[in-house]
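In my numbering, the protein residues as written are 13 to 170.
Every residue, glycine too, gets a C-beta built ideally from N, C-alpha and C.
Here is the structure we will look at, set down as structure tokens.
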Amino acid sequence: MRYFSVGGNMKISSIMVAIDFSECSASAFRYALDLAALFPAKVILLNVIDTRHIERIAEFTGTPLKEIQGKMMHSAKTALKDFIKKWNNTKASCAAEVAAGVPFHEIALKARKDKVDLIVMGGYGQHGKGGQIDEIFFGSTAEKVVRLLPCPVLCVPQ
């Protein structure tokens, strides 16, 4: 754990962690737990099912969009519970939620709705370092979150 002194009127009572089940998001969660112990703060985990991928799957398989989304939501909720059990070895209060949509947009909506003080997320996600082509066409989720929100965003490397 890295220690630092907090000066001024800095107050962190809620920390949101964007989770995609990658090693990088596990590092972000552990970092958020360390910060939550210092302040103390509640930790909110958010996993976003990217609906752009669901639409492609539905087109390819002919399966109704709602059916695919329902199965993915159920699977993500189970995985999120397991993720918390695996990585939370603290007494920090953790809440978890799964949303469906475009990840950076859903992260921003949840952060505004819950008035979070800090967002912690991995520097890159489940698909790894996508390279320049991905960045040109899709951009970084972390970068878009930083641009959309007034609260601090901490990007944690793996």
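Residue range of the unbroken beta strand (DSSP E) whose run includes residue i
i: S34; result: Where S34 is concerned, there is no enclosing beta strand (DSSP E), given that its DSSP letter is neither H nor E.
i: A120; result: A120 -> not in any beta strand (DSSP E); alpha helix (DSSP H) instead, spanning P115 to D126.
i: I96; result: Element bounds for I96: not the beta strand (DSSP E) but the alpha helix (DSSP H), L77 to W99.
i: A30; result: S26 to A30
Sub-9 Å separation of residue i and residue j beta-carbons
i: V11; j: C163; result: Nothing can be reported for residue 11: it is not among the residues displayed for the chain, which extend from 13 to 170.
i: A112; j: I66; result: yes
i: V55; j: A44; result: yes
i: V157; j: A123; result: yes
i: L77; j: A70; result: yes
i: I119; j: C106; result: no
i: A108; j: A48; result: no
i: Q81; j: T102; result: no
i: S26; j: D126; result: yes
Rounded separation between residue i and residue j - CA only
i: A52; j: I131; result: In the sequence as displayed, the identity of residue 52 is Pro instead of Ala. Between P52 and I131, the C-alpha separation is close to 15 Å.
i: R68; j: M84; result: 14 Å
i: L92; j: F41; result: 12 Å
i: V168; j: L160; result: 18 Å
i: V110; j: H86; result: 9 Å
i: L166; j: M133; result: 6 Å
i: S37; j: G74; result: 32 Å
i: W99; j: F72; result: 35 Å
i: M28; j: D46; result: 13 Å
i: S39; j: L57; result: 13 Å
i: K23; j: L50; result: 11 Å
Own chain, CB closer than 7 Å to residue i, minus 5 neighbours either side, in chain order
i: G135; result: C36, A154, C167, V168 and P169
i: L121; result: none
Residue i: first and last residue of the uninterrupted alpha helix (DSSP H) it sits in
i: L161; result: Per DSSP, L161 belongs to no alpha helix (DSSP H) and is neither H nor E.
i: T63; result: T63 to T73
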